[in-house]
Amino acid sequence: MKTTSLVAALLLSAAGTDAAIPAGVAKVAAREDGLAFSPPHYPSPWMNPEAPGWEDAYAKAKEFVSQLTLPEKVNLTTGVGWMSERCVGNAGSIPRLGMRGLCMQDGPLGLRLSDYNSAFPGGITAGASWSRKLWRQRGLLMGTEANEKGIDVLLGPASGPLGRAPTGGRNWEGFSVDPYMSGIALAETSVGIQEGGVVATAKHYVGNEQEHFRQSPEARGYGYNITDSISSNIDDKTLHELYVWPFADAVKAGVGAIMCSYQQVNNSYGCQNSKLINGILKEELGFQGFVMSDWQAQHAGAATAAAGLDMSMPGDTSFNSGLSFWGANLTLAVVNGTVPEWRVDDMAMRIMAAFFKVGRTVDSMPDINFSSWSRDTFGYVQMAAKENWEQINFGVDVVGDHGLHIREAAAKGSVLLKNSGSLPLKKPKFVAVIGEDAGGNPAGPNSCNDRGCDNGTLAIGWGSGTSQFPYLITPDQALQFQAHADGSRYESILNNNQWQATLQVISQPNVTAIVFANANAGEGYINVDGNEGDRKNLTLWKEGDDLIKNISSVCPNTIVVLHTVGPVILTEWYDNPNITAIVWAGLPGQESGNAIADILYGKTSPGRSPFTWGRTRESYGTDLLYEPNNGQGAPQQDFAEGVFIDYRHFDRKSPSTTGKAANDSNAPIYEFGFGLSWSTFEYTNLEIQTHTDTPYEPTSGETIAAPELGNFSTDLSEYTFPSNIRYIYQFIYPWLNTSSSGREASADPEYGQTAEQFLPPNANDGSPQPKSPASGAPGGNPQLWDVLYTVSATITNTGDATSDEIPQLYVSLGGDEPVRVLRGFERLESIAPGQSFIFTADITRRDLSNWDVASQNWVITKHEKKVYVGSSSRNLPLSAVLEI
Ligand SMILES: *[C@@H]1O[C@H](CO)[C@@H](O)[C@H](O)[C@H]1NC(C)=O
Ligand SMILES: *[C@@H]1O[C@H](CO)[C@@H](O)[C@H](O)[C@H]1NC(C)=O
Ligand SMILES: *[C@@H]1O[C@H](CO)[C@@H](O)[C@H](O)[C@H]1NC(C)=O
Ligand SMILES: *[C@@H]1O[C@H](CO)[C@@H](O)[C@H](O)[C@H]1NC(C)=O
Ligand SMILES: *[C@@H]1O[C@H](CO)[C@@H](O)[C@H](O)[C@H]1NC(C)=O
Ligand SMILES: *[C@@H]1O[C@H](CO)[C@@H](O)[C@H](O)[C@H]1NC(C)=O
Ligand SMILES: *[C@@H]1O[C@H](CO)[C@@H](O)[C@H](O)[C@H]1NC(C)=O
Ligand SMILES: *[C@@H]1O[C@H](CO)[C@@H](O)[C@H](O)[C@H]1NC(C)=O
Ligand SMILES: *[C@@H]1O[C@H](CO)[C@@H](O)[C@H](O)[C@H]1NC(C)=O
Ligand SMILES: *[C@@H]1O[C@H](CO)[C@@H](O)[C@H](O)[C@H]1NC(C)=O
């Protein structure tokens, strides 16, 4: 990269903004170019052998890692290259101790690039169930499927993107735009996956809120001439209270891996931002597992090691380059003194501790019995190199009875937005199902790579976070089946553009017209209809709005079903009285049809919206950057709205909760947390129990010194490629291809710089380090989880149907904070008419705190704290002030 001034050159060098403070410069407070800047945090925190929940795993890891040579340790940290082995990511192996390379596989809703596996509901639909039980179960079943295929590390769940803007392409992979809810879902899913015996990966850490410009080569492919990825410029308070918050829950719950993200934060890449990885994740949150790069998100060698990266995926500098920032380079960097051995020991420890923590053992690693790169029975094990032709797919069927969970979770994650009495359906006389979204993809459910198209019913979005469907039950199939059982007449028109035929059907008397429409999105490497990952608009696809408007102008009983990745603008038609019901069916996965039939016929209770439905795109107050705004440099996206995303923004603009003032364009149509049930519920008897509590103590003291496990030789000839091993084309190895000189072996054009010259001060300091006030245990200072209050309320079914209800608790933190933030919820199942349930929620210190930038700690401010309990973020019949 060509830069003019020395400071800029150092700041922007491959070592990364934060990793490149020149020696002797103690403090760099700002960048010369005035762009957002990420403060350095070094050295990289090492594991804590006594961290709660990790003691056993640490002991086992120590026993194992102590036996390893330097190249063996390096092998654990570095992938063997893109498509070089069966999985989407494969670490090197340790043949001497009988350990095959770790297998990393997508993704957050089940297995990608596999077969005979399930396609679970997308994260956003799982989220909409608001059910901790279903989140845990979904994780467990996904973990079980991964385990049975021989996978060691599943690349999910996701809470980044969180959903800063509704058009974000991958928002649907996560659970909710609310950090509190996302955190619980991220933690429950991670625990479930790990109960299934594989390491969970919480991702993408952090600030990866849009697809446009997340990777500069991808952006150049779309014709945007930029040299660096977008920078999400996020202030410290917003980072803590919104974007990092869910990760803290996952860390507290013991997640084994965290994936760092493609884009930059404050102009420092996600996988080499020492403030994010060293400072917040490993020091403050006390994360004991390993940080893995997103695929090709690593942009430097020693600097990424110093900034806290533990595993390079897929290992090569760019796909199939045959070169690596780590591998031989990391071996050399230790031998020549640039990276201290304790750092590589720590990487290996973290990887192996996560492995042992989930119950895996080196002696009994299962066979990987599928290949990501082919569905043929026989093929190359090393697909990129075309080596070792053998049986690569064994068709191991791992779906079990997981369809039952998928059906339940998809139905319970559907949201009943409107119902003027037409639902639940009871043996209707004539059911007419209209719309392409009710039918199948004419080319089959898996015809488009990584689901990168929008043909037929939408059951999951597109990108690496998808699965192959083992089958896909369409709405048309399930609704016809139900109609047939009921003796209803049934017709379907699975096309949005057959108006004459549609009119004939839906203008007949006594018809129940069910109109299906969708809106899709996905990951940035696939462009569907001009949507480069992110959505280009918030309207329905394929003239869905016109279809709904046309039908409802004729048919007085029009029921709308939406399969969408997030909110769409309903403004023009939602209040048409002929539209008697609106169901958001999200991304239901393989049991789509059965799930929607269960909801339309009232066999299952629906969920609540995990995001706001605004009147206009502008009403969200945030949007993505669609055009570069910094010349050829990294596009700059300032998160200027701070914590005011989604309902926090809507509440600020339109605080009145009395009714949905139709003339208030700032008010949402359907608010966060909203959704109808099959009955009516009364909320009474708010009670608050105060717990005695010891005052919050900032953590202090020092860590132990960096543990070192074993020695290494500085003789380069000990690290050359062994003569008895056959080199596989493009494979990444830990060995040097020459011992004549480090420069030659590294092939790094800038070889020879010492740590003092290009790493920041303290990067290699292995001495005991001070602990920060907000740190102390996985998740942060343990006192943050002290329960200060327990709130309870009585929820009574006052209607005449049994239904689930999802009470929610919000807290107002006062001052300039959001009007309210979610701090409790529970899905109460099957409440019979007349029956009461007591909803209780614990309020922790963390729940009442704000991040204080000055003290770098959580504080409960002096402002009045008020709690609210109700059925959505704007329907809150009960409230009380908390006596502090
Ligand atoms: C980014 O910059 C803001 C503003 O200076 C600062 O508050 C925040 O801590 C920085 N975050 C990171 C990760 O560098
Ligand atoms: C590193 O992993 C590769 C690929 O699995 C393997 O061929 C090699 O033997 C391993 N090296 C060491 C030192 O174990
Ligand atoms: C990108 O910009 C650079 C510098 O202006 C120019 O040399 C290069 O040709 C441009 N590339 C494309 C594809 O436009
Ligand atoms: C070592 O890393 C540098 C970049 O830092 C890269 O240019 C070089 O090709 C790498 N060497 C090997 C052997 O992979
Ligand atoms: C596939 O992997 C599972 C889990 O290790 C194992 O039980 C099974 O025997 C393997 N099947 C084949 C055909 O390799
Ligand atoms: C399926 O989707 C692709 C890409 O979006 C489109 O080009 C194609 O026409 C569609 N096929 C059908 C049969 O709808
Ligand atoms: C429509 O339904 C009503 C009520 O069931 C019935 O009285 C009427 O005859 C039906 N009309 C037709 C044309 O079927
Ligand atoms: C929004 O995008 C979708 C998908 O590309 C497209 O079908 C639709 O026509 C667009 N809406 C508008 C109003 O342009
Ligand atoms: C509702 O449907 C009736 C026909 O049943 C039609 O006359 C009327 O205009 C429709 N209303 C609206 C608001 O579209
Ligand atoms: C040590 O090796 C690393 C990795 O190849 C290289 O980046 C660095 O410049 C080398 N340092 C010295 C002092 O040779």
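As numbered in mature numbering (1 follows the signal peptide of the UniProt record, and there is no 0), residues -19 to -1, 1 to 865 make up the sequence shown, in order.
Virtual Cβ for every residue (Gly too), placed ideally from N, Cα, C.
What's the call for residue i, buried or exposed, on a 16-neighbour Cβ count within 10 Å?
i: Phe156; result: buried
i: Leu765; result: buried
i: Pro591; result: buried
i: Asn369; result: exposed
i: Glu731; result: exposed
i: Asn247; result: buried
i: Gly5; result: The pLDDT assigned to Gly5 is 33, lower than 50, so where the model puts this residue is not dependable; a value taken from the coordinates is nonetheless given after this. Exposed, since its Cβ has fewer than 16 Cβ neighbours within 10 Å.
i: Asp344; result: exposed
i: Lys114; result: exposed
i: Ala(-1); result: Model confidence at Ala(-1) stands at a pLDDT of 40, short of 50, so the residue's coordinates are unreliable; what they give is reported in the following sentence. Counting Cβ neighbours within 10 Å, Ala(-1) comes out buried, since at least 16 surround it.
i: Ile2; result: With a pLDDT of only 36 at Ile2, under the threshold of 50, the placement of this residue in the model should not be trusted, and no figure is reported.
i: Val834; result: exposed
i: Glu389; result: buried
i: Lys233; result: buried
i: Lys8; result: In this prediction, Lys8 has a pLDDT of 39, which is less than 50 and means its spatial position is unreliable; what the coordinates show is noted afterwards. Exposed: under 16 other Cβ atoms inside 10 Å.
i: Glu864; result: exposed
i: His630; result: buried
i: His465; result: exposed
i: Asn310; result: buried
i: Leu385; result: exposed
i: Arg81; result: buried
i: Glu786; result: buried
i: Asp579; result: buried
i: residue 890; result: Residue 890 lies beyond the stretch modelled for the chain, which goes from -19 to 865, so this question has no answer here.
May I ask you to list the residues that DSSP assigns as paired with residue i?
i: Gln363; result: Glu368
i: Ile776; result: Tyr664 and Phe818
i: Phe411; result: Arg470 and Val492
i: Ala238; result: Thr182 and Phe271
i: Gly60; result: Ala72
i: Ser249; result: Val246
i: Lys847; result: Ser793 and Val862
i: Pro89; result: Gly91
Got a sec, what are the start and stop residues for the alpha helix (DSSP H) residue i sits in?
i: His383; result: His383 to Lys393
i: Ser197; result: Ser197 to Gly202
i: Tyr39; result: Glu36 to Val46
i: Ala861; result: First-last for Ala861: Leu859 to Val862, but that is the beta strand (DSSP E), not the alpha helix (DSSP H).
i: Lys233; result: Trp226 to Lys233
i: Val325; result: Glu322 to Lys338
i: Ser727; result: Gly723 to Ser727
i: Val315; result: Ala309 to Val316
i: Leu128; result: In the sequence as presented, Leu is not what sits at residue 128; that position holds Asn. Its alpha helix (DSSP H) spans residues Arg113 to Lys130.
Nearest to residue i by alpha carbon, out of the options?
i: Asp216; options: Val225, Phe631 and Gly757; result: Val225
i: Phe783; options: Val792, Pro799 and Ser660; result: Sequence check: residue 783 is Thr here, not Phe. That would be Ser660, whose Cα lies nearest to the Cα of Thr783.
i: Trp35; options: Pro788, Asn189 and Gly235; result: Gly235
i: Gly178; options: Glu572, Val486 and Phe337; result: Phe337
i: Glu371; options: Val541, Ala183, Tyr97 and Glu66; result: Glu66
i: Pro749; options: Asp14, Tyr23 and Ser19; result: Tyr23
i: Val396; options: Val412, Ala146, Gly149 and Ile577; result: Ile577
i: Lys263; options: Pro490, Ala287 and Gln279; result: Ala287
Does any CB atom of chain C fall closer than 7 Å to the CB of residue i?
i: Ala615; result: Of the protein chains in this structure there is only one, and it is not chain C.
Taking the beta strand (DSSP E) that residue i falls in, what are its first and last residues?
i: Asn400; result: Val396 to Asn400
i: Gln86; result: Cys84 to Gln86
i: Arg804; result: Val802 to Phe806
i: Ile812; result: Leu809 to Ile812
### Message
Which runs of the beta strand (DSSP E) at least 3 residues long sit entirely within the segment 544 to 583? Give them in chain order.
### Response
560 to 565
Suppose only complete runs of 3+ residues qualify. What are the beta strand (DSSP E) ranges in the segment 154 to 201, listed by chain order? 180 to 186
Counting only runs that start and end within the segment 614 to 648, where is the alpha helix (DSSP H) found for 4 or more residues in a row? 628 to 634
(request) Taking only runs that begin and end inside the segment 505 to 550, name each unbroken alpha helix (DSSP H) of 4 or more residues, in chain order. (result) Within the segment 505 to 550, the complete alpha helix (DSSP H) segments of 4 residues or longer fall at 525 to 533, listed in chain order.
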